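Set out below in structure tokens:
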């Protein structure tokens, strides 16, 4: 998925490889971020900002939801409010497009928008199910599967084989070009 932050700042593209388990939960495997923020002053800081934004947006996309009952909000602490945990943080590969001499583009929360789209696309690739409402949790995945009659449009084996082929292409191409191919093929 691709977006331009605030339509005037950094360009960011995100790809995700994931697995939808038999229990209908999502396991993030790998993520790719490619960002163009103009001239890059602090590559480490920009990378941290983008990767942190990805993790935050992955949490919104997969877990976060306020629960409530007739008496009010029931998710009032970290034990009852669902968030992404360390055991589901994927391996993240970040590529920065540095353009010395070009204007500095704000990167702020550039990864937030495309992350949700990339996860939704990757869920579709892994399961054949299009989800339109976040969070993309097991309850919503099961509901979508019931609506679709339980059919799987893309066999899981094909998704894994595609990921392996793209990984090899990344190693063979050099200069990160294979990472962009993987990005386009994953979501």
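Numbering (this note's numbering), first residue to last: 1 to 187.
The beta-carbon is built from N, C-alpha and C at its ideal position, and this holds for glycine as well.
Owing to the predicted nature of the structure, the values given are computational and were not obtained by experimental measurement.
Residue span of the alpha helix (DSSP H) that contains residue i, given as start and end
i: residue 47; result: 43 to 62
i: residue 141; result: 138 to 147
i: residue 30; result: Per DSSP, residue 30 belongs to no alpha helix (DSSP H); it is in the beta strand (DSSP E), 26 to 36.
i: residue 88; result: No alpha helix (DSSP H) holds residue 88; DSSP gives it neither H nor E.
i: residue 114; result: 112 to 127
CB contact below 8 Å: residue i versus chain B
i: residue 76; result: In summary, chain B is missing from the structure at hand, where a single protein chain is found.
Cβ neighbour criterion (16 or more within 10 Å) applied to residue i
i: residue 32; result: buried
i: residue 5; result: buried
i: residue 120; result: buried
i: residue 20; result: buried
First and last residue of the uninterrupted beta strand (DSSP E) at residue i
i: residue 15; result: 11 to 20
i: residue 4; result: 2 to 4
i: residue 92; result: 91 to 97
Close Cβ partners of residue i (< 6 Å) along its chain, the five nearest in sequence each way excluded
i: residue 62; result: 26, 135 and 136
Residues near residue i by beta carbon distance below 8 Å, same chain, minus five either side
i: residue 38; result: 10, 99, 102, 103, 104 and 105
DSSP state of residue i mapped onto helix, strand, coil
i: residue 81; result: coil
i: residue 72; result: strand
Pair within 8 Å by beta-carbon distance, residue i and residue j
i: residue 138; j: residue 23; result: yes
i: residue 12; j: residue 111; result: yes
i: residue 83; j: residue 67; result: no
i: residue 57; j: residue 15; result: no
Cut-off 7 Å between Cβ atoms - residues of its own chain near residue i, not counting five sequence neighbours on either side
i: residue 193; result: Any answer about residue 193 is impossible in this case: the structure gives the chain only from 1 up to 187.
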